[in-house]
Each structure stands twice: as structure tokens, then as C-alpha cells.
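This report refers to the structure that appears directly beneath it.
In full-length UniProt numbering, the protein residues as written are 1 to 271.
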């Protein structure tokens with residue numbers, strides 16, 4: 001049964017790292033160095049919102065998602081809102097059971113509890129009874145099995161290679177509330193709507209509308225994680241009214257912005 005949790009502000013970075021995982025308590029805005037690892041790893045935001053930036057793009061990790069970064073991928077993390085980041089490294093024999101590209105999965109209740117157990121105080125506090133190797137192996141296998149049953153979530157923003165797309169996406173990152181059409185954006189860089197539409201499909205695997213919606217949801221998660229209310233977040237991210245924002249957010253995240261924001265404010269993970 002999940003433990004009732006009380007929120008607490010995070011002042012400075014606190015890190016615990018061990019061979020199979022780690023836990024970092026980060027204040028809002030904190031970012032890691034650019035790095036890569038010999039083993040793939042799962043990242044979970046037990047509280048707050050994480051952005052995982054890789055060479056393939058940005059994965060958004062709110063508190064009900066798990067991000068996967070395969071071995072060898074250059075990446076860095078950034079916290080939005082005070083964030084309790086948990087990390088579990090996977091052996092190659094288990095890593096090959098999940099995708100060979102960065103991905104985000106919905107965290108089931110079981111996956112969440114296993115992640116918390118694998119990264120809790122008993123892994124780094126000598127005063128707490130730890131797991132033996134066999135028990136840890138069983139827990140990690142349960143976690144991988146849960147992720148294999150989960151669907152990948154559309155919370156990954158791929159980065160384009162084409163210079164014209166890079167210019168478009170850069171403008172949208174800087175001003176997510178901009179409601180300019182693709183044709184209007186294309187005029188600023190000298191590219192036709194047809195060309196840009198093809199590039200979005202071929203390079204990013206989605207339409208311009210789908211990419212911009214995901215970008216706006218990303219910014220909404222950041223703003224909600226930083227304590228902004230639903231109405232302010234809706235307008236800041238480009239929605240004409242809060243109701244359309246709530247519908248889009250709920251469709252992608254699985255809960256309303258208000259409930260998501262409340263969950264961040266009223267709970268924090270057990271140790």
C-alpha cells in the first residue's frame with residue numbers, strides 16, 4: 001500500500017549513488033552534466049517533473065511516467081519544480097527486452113512501488129536493512145516485465161536534423177503560445193507548407209500540429225511543476241481557453257491539470 005506522503009521543499013542537491021542505481025533530490029532548475037553510461041537506465045520522478053535530453057530529442061517525465069535511456073546515449077537531465085529523481089541501471093540481458101531508443105512509459109502502481117523500493121533509503125543507508133542480490137534481481141525483473149506490458153507514451157519530442165525544421169522548432173520552444181500557422185512560420189524561413197509538412201512527418205514522425213501540441217503539454221508540465229495554476233498555464237501555452245487545454249492535457253497525460261498539480265503539491269515520496 002502506498003505510504004501517505006508529506007511535501008517538503010528541496011534546498012540543495014542531495015545525491016546518493018550506488019552501482020545499480022541512485023537518488024538525487026534536486027531544486028527546481030537544477031541540471032546534470034552531459035553524460036553517457038555503459039548501461040541503459042530508467043529514470044523516475046517520484047516528485048516534480050524531469051526533462052531527459054538526449055541526442056534524439058527531449059523526453060518529458062512527470063510523476064506518473066518512467067523514462068528509458070539506452071546505453072551509450074549522450075544525455076542530461078533537468079528538474080522542473082523540486083524533484084526527487086530515481087535511477088535504476090539495467091544489465092544488458094534485461095535492457096534488450098525493452099526498446100533500443102529513448103522512450104517514456106506509463107508507470108503502473110506496481111512499477112512505481114518497485115522503483116521506489118529499488119531506490120529507497122535501504123539501498124544507501126547502513127541503518128536500513130538492504131536487499132540481497134537475489135531479491136534485487138527479482139524486483140528488477142518485475143519492473144522490466146511491467147514496462148514490457150506498458151505502452152510507450154507520446155511524451156518524447158524528437159529533435160530535427162533539417163536546418164529549416166530546426167529554425168521552426170526553435171521558435172516554438174521560445175514562444176510556445178505562438179499560434180502562427182505552419183504557412184506563416186514557413187514564410188519567416190523561406191520554406192513552403194508542403195515542404196515543412198513532409199519534413200515533420202519524415203523526420204519527426206508526426207504532424208506539425210501533433211508536435212506543437214506535445215511541446216505545449218511539455219511546457220504545461222513544467223509550469224504546473226513550478227506551481228502555476230491551470231488557467232495561467234493554459235494561456236501561457238497557447239490555448240484559447242482553459243477547457244480546451246484541460247481536454248488536450250487529459251488526453252495525453254491521463255489526468256486533469258488540476259489533479260496533476262494537486263498531486264505534486266500534496267505528496268512527496270516515501271524514503
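Glycine included, C-beta positions come from ideal geometry on N, C-alpha and C.
All of these numbers come straight from a predicted model, not from anything done at the bench.
- The DSSP-derived three-state label of residue 51 is strand.
- If you look at residue 16, you'll find it in the beta strand (DSSP E) that goes 14-18.
- Judged by DSSP in its simplified three-state form, residue 153 adopts coil rather than helix or strand.
- Around the beta carbon of residue 160, a 10 Å sphere encloses 16 or more other beta carbons of the protein chains shown; the residue is thus reported as buried.
- Residue environment analysis places residue 146 among the buried positions, since at least 16 neighbouring C-beta atoms fall within 10 angstroms of its C-beta.
- When secondary structure is reduced to three states using DSSP, residue 158 falls in the strand class.
- At the C-beta level, residue 84 and residue 46 come within 7 Å of one another.
- Where residue 225 is concerned, there is no enclosing beta strand (DSSP E), although the alpha helix (DSSP H) around it starts and stops at 208-225.
- In this structure, residue 199 sits near residue 165, with a CB-CB distance shorter than 7 Å.
- Taking a C-beta distance under 7 Å as the contact criterion, residue 86 and residue 44 qualify as a contact pair.
- Per DSSP, residue 188 has no beta bridge partner at all.
- DSSP places residue 175 outside any alpha helix (DSSP H), giving it a letter other than H or E.
- Between the C-alpha atoms of residue 231 and residue 153 there is a straight-line separation of about 25 Å.
- Annotation: residue 168 to residue 59 spans about 19 Å, alpha carbon to alpha carbon.
- Cβ neighbours of residue 29 within its own chain (closer than 8 Å, five residues either side excluded): 78, 79, 80.
- DSSP, reduced to helix, strand and coil, places residue 144 within a helical segment of the structure shown.
- Here the alpha carbons of residue 119 and residue 23 stand approximately 6 Å from one another.
- When rounded, the separation of the alpha-carbon atoms in residue 202 and residue 185 is 19 Å.
- Between residue 61 and residue 94 a beta carbon distance of about 20 Å is seen, past the 8 Å cut, so the two are scored as non-contacting.
- Straight-line measurement puts the Cα of residue 187 at about 44 Å from the Cα of residue 25.
- With 16 or more neighbouring CB atoms inside 10 Å of its own CB, residue 20 falls in the buried class.
- For a cut-off of 8 Å, the C-beta gap from residue 128 to residue 121 is around 5 Å, short enough to register as a contact.
- Between residue 48 and residue 68 a beta carbon distance of about 19 Å is seen, past the 8 Å cut, so the two are scored as non-contacting.
- Residue 172 is not a Cβ neighbour of residue 104, given a cutoff of 7 Å.
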